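Trainee: Protein sequences, first through last, are from chains A and B. First residue of the first sequence: 0, per numbering that gives the first Met the number 0; consecutive thereafter. First residue of the second sequence: 0, per numbering that gives the first Met the number 0; consecutive thereafter. For glycine and all other residues, C-beta sits at the position ideal for the given N, C-alpha and C. Keep in mind that this is a model prediction, so the values were computed, not measured. Input: one structure, supplied below.
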Amino acid sequence: MPDEVKTEYKWVGKRNPRPDGVDKVTGRAKYGADLYLPGMLTGKILRSPHAHARIKSIDTSAAAALSGVKAVVTSADFPDIPKSPGPHGPIIFDFRDFSWNMMAFDKVLYDGHAVAAVAATSESIARQALKLIKVDYEVLPHVIDPVAAMQPGAPILHEDQITEGADEKTAKPSNVYRIPRGEKGDVEKGFAEADIVLEREFTTKAVHQGYIEPHACVADASDDGVELFCTTQGHFVFRSACAKILDMDISRIRVTASEIGGGFGGKNNVYGEPVAIRLSQLARRPVKIVMSRDEVFRATGPTSGAHVRVKIGARNDGTITAAEGEVTYQAGAFKGASVGAAVNCMFSPYDLENAKVWGYDVCVNRPKVAAYRAPGVPMAAFGVESVINELADELGIDPVEMRLKNAAKEGTQNIMGLKYGPIGFIDILEAMKAHPHYSAPLGENQGRGIAAGYWLHAGGISCASVNVSDDGTVTLIEGNPDIGGSRASMAAMVAEELGIDYASVRPIIGDTSSVGFSHLTAGSRVTFATGMACVQAARNAIKVASDRAAKIWGVSEDEVVWEDGHARPAGANVGDHKPMSLAEIAAKAPMTGGPIAGHAEINATGQGPATGAHLVDVEVDRKSGYVTVLRYTVFQDVGRAISPDYVEGQLQGGAVQGIGWALNEEYIYGEDGCLQNPGFLDYRVPVASDVPMIDVCLIEVPNPNHPYGVRGVGETPIVPPQAAVVNAVGNALGIRFNDLPVSPPKILKAIKEAGG
Amino acid sequence: MAKHHVTTTINGDETEFLCQTEQTLLDVLRDELHLTGTKEGCGTGDCGACTVTIDGRLVCSCLVLGVEAEGHAIETIEGMADGDTLHPLQRNFIDMAALQCGICTPGVLVAAKNLLERNPDPSETEVRYWLAGNLCRCTGYDKIVRAVMDTAAKMRGA
């Protein structure tokens, strides 16, 4: 569908009020935990207190006998589905991992792993029932560090896991799931040509997405079928996962996505949803499961902690001759760390002749990692950008100039062989260099840092329906939960196509029975792919409306054009017919063949990668080690900002999550392998008083593969902050830091070691 | 155990409810009265999603027992608009895109309204510290702080 990207629009690119705004500022919007059904039971999950243990037996008899308990389940109540890496239709996950993560089958693999669940008539009875469940564990040695987990003799999580992509074929079980690689040119030759080669090692800690809404669902099952209401980044994917885990037909389950209170990748996977369905099937009553914050931290989400090694060689003029990267990521209890994305993206802002990257996806006794905004890339980019900053310092080159010297441009081919179309990285760097922030004076104990980032983005399957009412207003149904204002963007594009008022389009997130399969709200794919489906559906509706006008006028269908919200005769020779608006055509629809509608089912391709660069000033208190972020400016190629308000919001939010990642967020484990900070008091995300205004500079280099130039914007903003902030702290103190987070104790220690 | 009978005022309406001893005010608002605009993000007073006022004082309703509401006046997000007329903060949060997912929004709005009632002309720093108990993971706080300050300016001018 690519066509000429226009620049002047009535609704696209404007600051339209979001269609779900009133419900969200008045408390009317229904999130995952906000549904109450008659006869509804409370579901609760019993979780492992051990990092690694064999389940010898579970005795649920006392819990089942407690008055008010209506169902109790363990893994024995679920089918033991076979290992199957996929793909399963459009879904690439291994559903057995989801199943075993939902409820431990043989072993518990992390502190917080679910082992049993109850449904009871009240929360307090459910809690009492959990206490009555007796689990006999044989505690096993555990391993939480991925490098330790790769050593001979390390405790093995999965006896049936053999490493894929290893140099030597082996039949021995390993914690390493796979070793993805990427290579371009000849790095040995490239390093030999360099005047300077730097090699550094970095570590980052596991961090949680930290969405404010805990996972929540209500399941209502009968022999006729299952209704599931839940907070999710993809209700179609949840439907497939529940069907597979429960061995049901997909169409037996209808999933309605609630409003979603944040996800950032953490709500791509099912946790309690299949459990709630099974409990409801057994109790024959609706069951609600809402996670506590403790459960959210212990059993969902975090992204991988990482070990990253980066080696870069450059000539004296700043030209990079070779780059090599090795990443080792925690997968948690089941395979699936975003190592592939790290390989794909870590050097991709740059036009490199010689590059080589490989990475290890390593199972450890931690919760199964989930995607977190540009999954896999921030940790690797922290290493790459830090080394580039150090190289620039060593060579006496301005860090922006160093990047300009090596910047990817249209035609650059990255390590995976992707040849870039129009890409705005050079524009970004030029904008940063020219920005007043870049040359503003700094005071004592203050430092400035910069870093860049890249993310590839996703396309994929999306569906949409445009139904025109007889008054000419439009219901737009699409299948992607609105996590940050996407209804506004969809409505703007459809209003633009149809030539009607933005307020005349009511966007609805359809349940899994009312629109075709739509993939996750993830990878910044929705405005791109689902937006494309909405545009196609609108164009199909226009075709129907135009044909009706032809019928009314008694002319042939190709003698009608659609312009400015009206069907018009294609030329003077067609006859003197007064243009008809959508409302006029819709009013006559019953007499011309039935309702006017258009729908589209697509697999979108042609997504454009996004590059960005961040500029930050900090001040370090040498007595406390506290870092104040003084000023922050984000530069990003956003393709086309359909809703500039929400594009800015993505850039600002990503930057602040990155600041938290850089300065204080981390999963802290004890010797026993148990998480010590599963709450917002001890796992401290940035609060309003921690950060300044986040200035944004939108660079628009439209993606030619999308009718409105959309590129996707939500991922890239979390890639540069870690290196930028740490670079700024380092500049303030004259000390380099290679380990995240750069928290006050670490800063004080470094100041002391430097003799300060 | 017998439930407690509590008489209170919620958003101006005299309201009676029965609750168990251990139920928090948040549990009562949501599970008993189905006023689900008040959200639970943590249950430990760290996130502010459950912010309401009791006799004009800002509290995390997850840290207050239901029985403690006896004889007091509770205001929640559901009482913020005047019928169909949004409070200026609500209007401005929509107009200035001060929400993304919207889960923290009710708590932020209740807290911000309370701030402007005490201090009609807060500085950026005062807004940031006042809202430091309300976690938002989506926005980076920029548009929230701007919307609160802009609303304060408009309300002073009105």
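How would you write the range of the alpha helix (DSSP H) that F237 of chain A sits in, first residue to last?
Mentor: Here residue 237 of chain A refers to the residue found at position 238 of the first sequence. Taken as a continuous stretch (DSSP letters only), the alpha helix (DSSP H) holding F237 of chain A covers 234 to 245.
Trainee: Determine the DSSP secondary structure at M148 of chain B, reduced to helix, strand or coil.
Mentor: Here the question's residue 148 of chain B lines up with position 149 in the second sequence. Helix.
Trainee: Look at the alpha carbon of V465 of chain A and the alpha carbon of R547 of chain A, and state the distance between them as a whole number of angstroms.
Mentor: Residue numbering aside, residue 465 of chain A sits at position 466 when the first sequence is read from its first letter. Residue numbering aside, residue 547 of chain A sits at position 548 when the first sequence is read from its first letter. Answer to the nearest angstrom: the Cα atoms are 16 Å apart.
Trainee: Determine, using beta-carbon pairs with one atom in the region 478 to 498 of chain A and one in the region 593 to 613 of chain A, whether at least three such pairs fall under 8 Å.
Mentor: Result no; under three Cβ-Cβ pairs closer than 8 Å.
Trainee: Using only the alpha-carbon positions, how far apart do V186 of chain A and S74 of chain A sit?
Mentor: As a first step, residue 186 of chain A must be located in the first sequence, where it is residue number 187. As a first step, residue 74 of chain A must be located in the first sequence, where it is residue number 75. Computed Cα separation, rounded: 50 Å.
Trainee: Mapping the DSSP letters down to three states, classify F94 of chain A as helix, strand or coil.
Mentor: Within the first sequence, numbered from 1, the residue matching residue 94 of chain A stands at position 95. Three-state result, F94 of chain A: helix.
Trainee: I'd like to know whether the C-beta of R292 of chain A is nearer than 8 Å to at least one C-beta of chain B.
Mentor: Stepping through the first sequence from its first residue, residue 292 of chain A is reached at position 293. With 8 Å as the cut-off, R292 of chain A counts as an interface residue toward chain B.
Trainee: Would you give the residue range spanned by the alpha helix (DSSP H) that E167 of chain A belongs to?
Mentor: Taking the first residue of the first sequence as 1, we reach residue 167 of chain A at position 168. Note, E167 of chain A: premise wrong, no alpha helix (DSSP H); not H, not E.
Trainee: Restricting to Cα atoms, I'd like to know which of A:E158, A:D557, A:P37, A:P716 is closest to H456 of chain A.
Mentor: Translated into positions along the first sequence, residue 456 of chain A becomes position 457. That would be A:P716, whose Cα lies nearest to the Cα of H456 of chain A.
Trainee: Is the shortest distance between the beta-carbon of H33 of chain B and the beta-carbons of chain A less than 8 Å?
Mentor: Position 34 of the second sequence, counted from the start, is the residue given in the question as residue 33 of chain B. Yes, because at least one Cβ of chain A sits closer than 8 Å to the Cβ of H33 of chain B.
Trainee: For E198 of chain A, report the span of its alpha helix (DSSP H) as first-last.
Mentor: Within the first sequence, the letter at position 199 stands for residue 198 of chain A. No alpha helix (DSSP H) holds E198 of chain A; the beta strand (DSSP E) holding it covers 195 to 203.
Trainee: Considering only the alpha carbon of each residue, which of A:H112, A:E699, A:R27, A:P86 lies closest to L45 of chain A?
Mentor: Reading the first sequence from its first residue, position 46 is the one you call residue 45 of chain A. Here the closest residue by C-alpha is A:H112.
Trainee: Of the residues A:I476, A:T327, A:A430, A:P506, which one's Cα is nearest the Cα of Q635 of chain A?
Mentor: One-based indexing of the first sequence puts residue 635 of chain A at position 636. Comparing Cα-Cα distances from Q635 of chain A to each of A:I476, A:T327, A:A430, A:P506, the minimum goes to A:A430.
Trainee: Assuming E429 of chain A is part of the alpha helix (DSSP H), what are its boundary residues?
Mentor: On the first sequence, residue 429 of chain A is found 430 positions in, with the first residue counted as 1. Element bounds for E429 of chain A: 424 to 433.
Trainee: Using a Cβ-Cβ cut-off of less than 8 Å, list which residues of the region 475 to 508 of chain A approach chain B; keep chain order.
Mentor: The region 475 to 508 of chain A vs chain B, Cβ under 8 Å: I482, G483, G484.
Trainee: For my contact list, T14 of chain B and L32 of chain B are in at a C-beta cut-off of 8 Å; report their separation, rounded to the angstrom.
Mentor: Translated into positions along the second sequence, residue 14 of chain B becomes position 15. Translated into positions along the second sequence, residue 32 of chain B becomes position 33. T14 of chain B to L32 of chain B, Cβ: 7 Å. Contact.
Trainee: Output the boundary residues of the beta strand (DSSP E) element that contains I252 of chain A.
Mentor: To locate residue 252 of chain A, count along the first sequence from 1; it is residue 253. I252 of chain A -> beta strand (DSSP E) spans 252 to 256.
Trainee: Are the CB atoms of P374 of chain A and V700 of chain A nearer to each other than 8 Å?
Mentor: Within the first sequence, numbered from 1, the residue matching residue 374 of chain A stands at position 375. Within the first sequence, numbered from 1, the residue matching residue 700 of chain A stands at position 701. Result no, Cβ atoms of P374 of chain A and V700 of chain A do not sit closer than 8 Å.
Trainee: Is the separation between the beta-carbon of S523 of chain A and that of G713 of chain A shorter than 8 Å?
Mentor: The residue labelled residue 523 of chain A in the question sits at position 524 within the first sequence. The residue labelled residue 713 of chain A in the question sits at position 714 within the first sequence. Result yes, Cβ atoms of S523 of chain A and G713 of chain A sit closer than 8 Å.
Trainee: Mind checking if M102 of chain A is an interface residue toward chain B, Cβ cutoff 8 Å exclusive?
Mentor: Taking the first sequence and counting its residues from 1, one reaches residue 102 of chain A at position 103. No - not a single Cβ of chain B is within 8 Å of the one on M102 of chain A.
Trainee: Answer yes or no: do V24 of chain A and I93 of chain B have a C-beta to C-beta separation smaller than 8 Å?
Mentor: As a position in the first sequence, residue 24 of chain A is number 25, starting the count at 1. As a position in the second sequence, residue 93 of chain B is number 94, starting the count at 1. Taking 8 Å as the Cβ cut-off, V24 of chain A and I93 of chain B qualify as a contacting pair.
Trainee: Here's the rule I'm using: 16 or more other beta-carbon atoms within 10 Å means buried, otherwise exposed. How should D2 of chain A be labelled?
Mentor: Position 3 of the first sequence, counted from the start, is the residue given in the question as residue 2 of chain A. The pLDDT assigned to D2 of chain A is 49, lower than 50, so where the model puts this residue is not dependable; a value taken from the coordinates is nonetheless given after this. Its Cβ having fewer than 16 others within 10 Å, D2 of chain A is exposed.
Trainee: Which of helix, strand or coil does DSSP assign to V741 of chain A?
Mentor: For the purposes of this step, residue 741 of chain A is taken as the residue at position 742 of the first sequence. Three-state result, V741 of chain A: coil.
Trainee: Would you please state the rounded distance, in angstroms, between the beta carbons of C241 of chain A and I276 of chain A? I believe it to be under 8 Å.
Mentor: In the first sequence, the residue the question calls residue 241 of chain A occupies position 242. In the first sequence, the residue the question calls residue 276 of chain A occupies position 277. 6 Å between Cβ atoms; contact.
Trainee: By Cβ distance below 6 Å, which residues in the same chain neighbour P777 of chain A in space, the five residues on each side in sequence not counted?
Mentor: Absent from the model: residue 777 of chain A. The displayed extent of chain A is 0 to 755, so no value can be given.
Trainee: Quick one: what's got a C-beta closer than 6 Å to E122 of chain A's C-beta in the same chain, skipping five residues either side?
Mentor: Mapped onto the first sequence, residue 122 of chain A falls at position 123. T41, listed in sequence order.
Trainee: Check each candidate in A:A354, A:E352, A:K310, A:T302 and name the one with the smallest Cα separation from K334 of chain A.
Mentor: On the first sequence, residue 334 of chain A is found 335 positions in, with the first residue counted as 1. With distances taken between Cα atoms, K334 of chain A lies closest to A:T302.
Trainee: Flag this pair as touching only if the region 63 to 78 of chain B and the region 2 to 13 of chain B have three or more C-beta atom pairs under 8 Å; answer yes or no.
Mentor: Yes, the region 63 to 78 of chain B is in contact with the region 2 to 13 of chain B.
Trainee: Could you work out which residue in A:I750, A:G530, A:G515 is closest to H234 of chain A when comparing CA atoms only?
Mentor: Position 235 of the first sequence, counted from the first residue, corresponds to residue 234 of chain A. The shortest Cα separation from H234 of chain A among A:I750, A:G530, A:G515 belongs to A:G515.
Trainee: When DSSP labels each residue in this structure, what does L17 of chain B get in the three-state scheme?
Mentor: Here residue 17 of chain B corresponds to residue number 18 of the second sequence, with the count starting at 1. Looking at L17 of chain B - three-state DSSP - the assignment turns out to be strand.
Trainee: Taking buried to mean at least 16 other C-beta atoms within 10 Å of its own C-beta, is Y140 of chain B buried or exposed?
Mentor: By one-based count along the second sequence, residue 140 of chain B stands at place 141. Y140 of chain B should be labelled buried.
Trainee: For D2 of chain A, which of helix, strand or coil comes out of DSSP?
Mentor: Here residue 2 of chain A refers to the residue found at position 3 when the first sequence is read from its first residue. Low confidence applies to D2 of chain A: its pLDDT is 49, below 50, so where it sits in the model is not reliable enough to give any reading.
Trainee: Can you find the residues in the same chain that come closer than 6 Å, C-beta to C-beta, to G324 of chain A, ignoring five residues on each side of it along the sequence?
Mentor: Counted from its first residue, the first sequence places residue 324 of chain A at position 325. Result list for G324 of chain A: V309, M345, V356, in chain order.
Trainee: Three-state secondary structure (DSSP) at Q150 of chain A?
Mentor: Position 151 of the first sequence, counted from the start, is the residue given in the question as residue 150 of chain A. Of the three classes helix, strand and coil, the one that applies to Q150 of chain A here is coil, per DSSP.
Trainee: Measuring alpha carbon to alpha carbon, tell me which of B:T84, B:C61, B:M154 ends up nearest L114 of chain B.
Mentor: Reading the second sequence from its first residue, position 115 is the one you call residue 114 of chain B. Out of B:T84, B:C61, B:M154, B:M154 has the C-alpha closest to the C-alpha of L114 of chain B.
Trainee: Return the bridge partner residues of L614 of chain A from the DSSP annotation.
Mentor: Walking along the first sequence from the start, residue 614 of chain A turns up at place 615. Per DSSP, A:I449, A:T632.
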